[in-house]
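Start counting at 1 in the sequence shown, then tack on 57, and there's your number in our numbering. Ideal Cβ positions, reconstructed from N, Cα and C, are used throughout, including at glycine. Accompanying notes for the structure given below.
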Amino acid sequence: MNDIELRLWNQFAVLADALHFGRAAQRLHMTQPPLTQAIALLEKRLAVRLFDRTKRSVQLTATGRALLPEVLDLLARAQALPEHARAAAAGELGRLRLAFVSTVGFALLPQWVRGFRALYPQVQMELVEATGDVQLQAFARGELDAGFMLHAPGFAPVGLERHTVHQEPLVLAVPEQHALGARPRLTLAAVLDAPLVIFPRRSVPSLYDAIFAAYHAAGHLPTVAQEAIQMQTIVNLVSAGLGCAWVPHSVTQFQRPGVVYRSVEPGKKGKSAVALPGCETSLVWSAAHTSPALERFVAFVAQ
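Encoded structure:
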């Protein structure tokens, strides 16, 4: 059955509609004998009878009636293929496998997904939340088209194309009952001794290193009380009183009872200023594995 030409299925569909060899042949712009031979060939290859023929009438058999809807669907899909090919080449049709860090999911990602789907509804978007290290592994396995990654300013992963989509400061998540929680604004010197809840270095190495570098510049070694991967988990652990946490400002949208967020003023060591790191979010993708749909998405986000 796999080698049956589309032409034979079309001839079957036209005859099933006309139920007359002469009229069907006219619609197919052919003479009657070749049509008769084509239907006989189709029935031979299928090893079933599709039409009951007499000198006065042509009728579909029960098998022919059961087969007709599938054939019509096949012909409709075949007719749509050229347009689908043009849409795929234009990035208006296809699949986009997209990973994102949790901080993007608070506000930016829902806006982008909603807007992109409105413009390109035939692009299937597969979304998965993943930290940067997990995304890099997925890129290496060819399982991702693009990802939103969090990193220190200018430290996006090497070997990937990127477009910076968001820059924001870090703020300190503080247990509400902690003495620091009572202050409306904090200085770096005031928070250096507070134990930290922080993500593992492997998740966001550039940002982890930037936070530790700020402590070192202030002459202090951070005390890590607990590590956790997801930002929501980190905030929940702060709520439980395990420590304070440096988080991107966008995380303040996650309001958890028992947690307050505070801006922290840069510190000084002697006459030298100690700058606090910020963070960036970038859309990253592999230049070696682009697709029209991915190019559409990159251009959409860049706008």
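Asked: Any 3 or more C-beta pairs closer than 8 Å across the stretch 304-323 and the stretch 223-242; Found: yes
Asked: Cβ pair count under 8 Å reaching 3, the stretch 231-250 against the stretch 184-192; Found: no
Asked: Short Cβ contact (8 Å threshold) for Val-180 with Leu-138; Found: no
Asked: Of the residues Gln-287, Leu-249 and Glu-233, the one placed nearest Arg-259, counting alpha carbons only; Found: Gln-287
Asked: Whole-number beta carbon distance between Ile-96 and Leu-129, since they are thought to touch under 8 Å; Found: Rounded, the Cβ-Cβ distance is 16 Å, inconsistent with contact.
Asked: Three-state secondary structure (DSSP) of Phe-69; Found: helix
Asked: Inter-residue spacing [alpha-carbon to alpha-carbon] between Leu-125 and Phe-173; Found: 38 Å
Asked: With 16 other Cβ atoms within 10 Å as the buried cut-off, status of Pro-232; Found: buried
Asked: 7 Å CB neighbourhood of Arg-134 in its chain, flanking five on each side removed; Found: none
Asked: Pairwise C-alpha distance: Phe-311 and Val-170; Found: 20 Å
Asked: Val-254 vs Gly-300 beta-carbon contact at 8 Å; Found: yes
Asked: Collapsed DSSP secondary structure at Leu-165 in the structure displayed; Found: helix
Asked: Runs of alpha helix (DSSP H) lying entirely within the stretch 171-195, each at least 4 residues, in chain order; Found: none
Asked: Assigned secondary structure, Asp-130 (DSSP; H/G/I helix, E/B strand, else coil); Found: helix
Asked: Simplified DSSP assignment, three categories, for Leu-351; Found: helix
Asked: Contact check, Gly-199 vs Phe-157, beta carbons under 8 Å; Found: no
Asked: Any 3 or more C-beta pairs closer than 8 Å across the stretch 272-291 and the stretch 336-348; Found: no
Asked: Gly-79, DSSP secondary structure in three states; Found: helix
Asked: Pick from Leu-184, His-306 and His-77 that is closest to Arg-113, judged by C-alpha positions; Found: His-77
Asked: C-alpha distance - Glu-284 paired with Gln-168, whole-angstrom precision; Found: 30 Å
Asked: Close Cβ partners of Gly-162 (< 8 Å) along its chain, the five nearest in sequence each way excluded; Found: Glu-186
Asked: Anticipated Cβ contact below 8 Å, Ala-160 with Val-308, distance rounded; Found: Residue identity differs from the one stated: residue 160 is Thr in this sequence, not Ala. Right, the Cβ-Cβ distance comes to about 6 Å (below 8 Å), so this counts as a contact.
Asked: For Ala-97, the first and last residue of its enclosing alpha helix (DSSP H); Found: 89-103
Asked: Straight-line Cα distance separating Leu-132 from Trp-66; Found: 8 Å
Asked: Beta strand (DSSP E) segment containing Asp-109, residue limits; Found: 108-110
Asked: Met-58 in three-state terms, based on DSSP; Found: Model confidence at Met-58 stands at a pLDDT of 45, short of 50, so the residue's coordinates are unreliable and nothing is read from them.
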